[in-house]
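Numbering (full-length UniProt numbering), first residue to last: 1 to 78.
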C-alpha cells in the first residue's frame, strides 16, 4: 500500500490518515482515552480497553478471595 500520510515531526509515513492521527499523539502527548475508574489516560482506545480488564481482574479477586481459607488455617467445623 502507498504510504501517503507522513508525520511532519519525524517523517514516519502511514497508508491511512487515521493511523497518522493516532501516531501524532506520540509527539503531542495527547491521551484522550481516560479510565472512568482510576483516571489513568491513554493515547489509544485499545490501550484503555486492555487497562480496564485489570480492574475487572482485581474486582474478581476481591470478590472470591474473602471466601477462600488461608493456607494452614482451619475452616469452621473442621
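Note that beta-carbon positions come from the ideal geometry of N, C-alpha and C, so glycine has one too.
- Beta-bridge partners assigned by DSSP to residue 62: none are found.
- Here the alpha carbon of residue 55 sits roughly 15 Å from the alpha carbon of residue 42.
- For residue 24, the closest alpha carbon among the candidates 44, 48, 3, 59 is that of 44.
- DSSP, reduced to helix, strand and coil, places residue 15 outside both helices and strands of the structure shown, so it counts as coil.
- The shortest C-alpha to C-alpha distance from residue 10 to any of 59, 20, 57 is the one to 20.
- In the same chain as residue 17, and ignoring 5 residues on each side of it, the C-beta atoms closer than 7 Å to its own belong to 5, in chain order.
- The three-state reading of DSSP puts residue 45 in helix, counting H, G and I together.
- Listed as beta-bridge partners of residue 6 by DSSP are 13.
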